[in-house]
Amino acid sequence: MAESKEQDALLKRINELAHKNKEEGLTEEETKERDRLRKEYLKNFREAMRSNIEMMRIFDKEGKEVTPEKVREIQRKKGLRDD
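Each residue of the sequence shown is one higher than the last, beginning at 1 in UniProt numbering.
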């Protein structure tokens, strides 16, 4: 949950800067801050998405596991699988 609050705070500030940019423009310092915040937000998002995907197990309609082998290997390396 802490990551979510951090992401919410980043997004809030990014949106504040976007609004200010539309209204009156940004200073050079604010532009640098916006760019830094965007990169941090995307980095965090990608890490969370990767983690979610790596934790998933996929099953077909018959109940047979069809998780891609690449994901299974990652899960094995992380000790999430014992097969």
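For glycine and all other residues, C-beta sits at the position ideal for the given N, C-alpha and C.
If you run the structure through DSSP and keep just helix, strand and coil, what is residue i?
i, result
"Glu65", "strand"
How about residue i and residue j: do their beta carbons lie closer than 8 Å?
i, j, result
"Glu65", "Ile74", "no"
"Leu10", "Glu40", "yes"
"Ile14", "Arg46", "no"
Roughly how many angstroms separate the alpha carbons of residue i and residue j, rounded to a whole number?
i, j, result
"Met1", "Leu17", "Note on Met1: pLDDT 48, under 50, position unreliable in the model; the coordinate value appears next. Met1 and Leu17: Cα-Cα distance of roughly 25 Å."
"Asn21", "Glu29", "12 Å"
"Lys43", "Val71", "20 Å"
"Gly63", "Met56", "15 Å"
Between residue i and the rest of its own chain, which residues show a CB-CB distance below 7 Å, the 5 nearest in sequence each way excluded?
i, result
"Pro68", "none"
Taking all protein chains shown into account, do 16 or more other C-beta atoms lie within 10 angstroms of the C-beta of residue i, making it buried, or fewer, making it exposed?
i, result
"Asp83", "exposed"
Leaving aside the five residues before and after residue i along the sequence, list all residues of the same chain whose C-beta is less than 8 Å from its C-beta, in chain order.
i, result
"Arg38", "Ile14"
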